[in-house]
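Chemist: Got a structure for you, written out below as structure tokens; questions coming shortly.
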Amino acid sequence: MRLPRLRQSVIAGLAGVLSTVAMVLALVAAPTAIADDRLQFTGTTLSGAPFNGAGLAGRPAVLWFWTPWCPFCNAEAPSVSQVAAANPQVSFVGVAAHSDVGAMQGFVDKYHLNFPNLNDADGSIWARYNVPWQPAYVFYRPDGSSTFVNNPTSAMPQQELADRVAALKS
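Using the UniProt record's numbering, the final residue of the sequence shown is 170, and nothing's skipped along the way.
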């Protein structure tokens, strides 16, 4: 009689672990998206200028979701700056949240992020893209299809970022 109860407990425990792992993987490895209407958003740049995401439609674009206090965002910011500068035909847009505008602007200045950076103070753009944590990217191809990449445990290597951006142009 003890063996069946033990077996049931082990099976129930394994089911719980597998369920948790599946939920975590669903957050980290979001599937490639087909063309959608997520670019239909408006925002405000850190300098207060209006920004319309629809202006990115039909072109290769990269949305980079970051916070100024995130160690991985700080680690990958120099690479993002360099890859953006080397690929002027790809639109880069930073989407900053979870901080004050002064800290966001300090981050932009420190890393010479010479592309629009939005103040997503209310988190609405992050929510639109289901970004659970930073750093995260959405890579848009000219046909409107996109790929979401979110790795909360490390910075994206510069070569991987450069390769993903190059793929948008082909």
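For every residue, glycine included, the Cβ atom is placed at its ideal position computed from N, Cα and C.
Within 10 angstroms of the Cβ of Pro50, are there 16 or more other Cβ atoms? Answer buried if so, exposed if not.
Modeler: Against the sequence shown, residue 50 aligns to sequence position 50. Classification for Pro50: exposed.
Chemist: Which residues does DSSP pair with Trp64 in a beta bridge?
Modeler: As a working note, residue 64 is residue 64 in the sequence shown. Beta-bridge pairing links Trp64 to Gly94, Tyr137.
Chemist: Let me make sure I understand the geometry here. Which of Gln40, Val62, Asp37 has the alpha-carbon closest to that of Val95?
Modeler: Stepping through the sequence shown from its first residue, residue 95 is reached at position 95. Of Gln40, Val62, Asp37, the residue nearest in Cα terms is Val62.
Chemist: Step through the CB atoms of chain B and report whether any lies within less than 7 angstroms of the CB of Ser79.
Modeler: This model lacks chain B altogether, as it is built from one protein chain only.
Chemist: Taking the runs of the beta strand (DSSP E) that are 3 residues or longer, which of them lie wholly in the region 95-124?
Modeler: Within the region 95-124, the complete beta strand (DSSP E) runs of at least 3 residues are 117-119.
Chemist: Which term fits Gln89, buried or exposed, when burial requires 16 or more other beta carbons within 10 angstroms of its beta carbon?
Modeler: In the sequence shown, counting from the first residue as 1, residue 89 sits at position 89. Result: exposed.
Chemist: Using a Cβ-Cβ cutoff of less than 8 angstroms, which residues in the same chain neighbour Leu46 once the five nearest sequence positions on both sides are dropped?
Modeler: As a working note, residue 46 is residue 46 in the sequence shown. If we look at Leu46 and ignore the five residues flanking it on each side, its Cβ neighbours are Ala96, Val101, Met104, Gln105, Val108, Asn117, Leu118, Asn119.
Chemist: Hey, quick one: how far does the beta strand (DSSP E) through Ser146 stretch, first residue to last?
Modeler: Stepping through the sequence shown from its first residue, residue 146 is reached at position 146. That run of the beta strand (DSSP E) goes 146-150.
Chemist: Look at the Cβ atom of Ala162, then the Cβ atom of Ala75, and state whether they are nearer than 7 angstroms.
Modeler: Stepping through the sequence shown from its first residue, residue 162 is reached at position 162. Stepping through the sequence shown from its first residue, residue 75 is reached at position 75. Against a cut-off of 7 angstroms, the Cβ pair of Ala75 and Ala162 comes out as no contact.
Chemist: Where Ala77 and Pro71 are concerned, what is the direct C-alpha to C-alpha distance, given to the nearest angstrom?
Modeler: Locating residue 77 in the sequence shown gives position 77, counting from the first residue. Locating residue 71 in the sequence shown gives position 71, counting from the first residue. Going from the Cα of Ala77 to the Cα of Pro71 covers about 10 angstroms.
Chemist: Can you tell which of Ser99, Phe92, Asp122 has the C-alpha that lies nearest to the C-alpha of Asn114?
Modeler: Taking the sequence shown and counting its residues from 1, one reaches residue 114 at position 114. With distances taken between Cα atoms, Asn114 lies closest to Phe92.
Chemist: Output the boundary residues of the beta strand (DSSP E) element that contains Lys52.
Modeler: Position 52 of the sequence shown, counting from 1, holds the residue named residue 52. Correcting the residue identity first, residue 52 is Asn in this sequence and not Lys. Element bounds for Asn52: 50-52.
Chemist: Have a look at Leu168, Thr67, Arg141, Lys169 and flag the residue whose alpha-carbon is nearest the alpha-carbon of Ala121.
Modeler: As a first step, residue 121 is located in the sequence shown; it is residue number 121 there, counting from the start. Nearest option by C-alpha distance: Thr67.
Chemist: In whole angstroms, give me the CA-to-CA distance for Ser170 and Phe148.
Modeler: Taking the sequence shown and counting its residues from 1, the one referred to as residue 170 is at position 170. Taking the sequence shown and counting its residues from 1, the one referred to as residue 148 is at position 148. Ser170 and Phe148: Cα-Cα distance of roughly 18 angstroms.
Chemist: Quick check on the DSSP output: the beta strand (DSSP E) that includes Gly43 runs from which residue to which?
Modeler: Position 43 of the sequence shown, counted from the first residue, corresponds to residue 43. 42-44 is the span of the beta strand (DSSP E), which, as asked, contains Gly43.
Chemist: Can you tell me the Cβ-Cβ gap for Gln158 and Phe65, rounded? I've got them flagged as a contact below 8 angstroms.
Modeler: Residue 158 sits at position 158 when you count from the first residue of the sequence shown. Residue 65 sits at position 65 when you count from the first residue of the sequence shown. About 18 angstroms; that fails the 8 angstroms criterion.
Chemist: Under the three-state reduction of DSSP, which class applies to Gln89: helix, strand or coil?
Modeler: As a working mapping, residue 89 is identified with position 89 in the sequence shown. In the structure shown, Gln89 sits in coil (DSSP, three-state: anything other than H, G, I, E or B).
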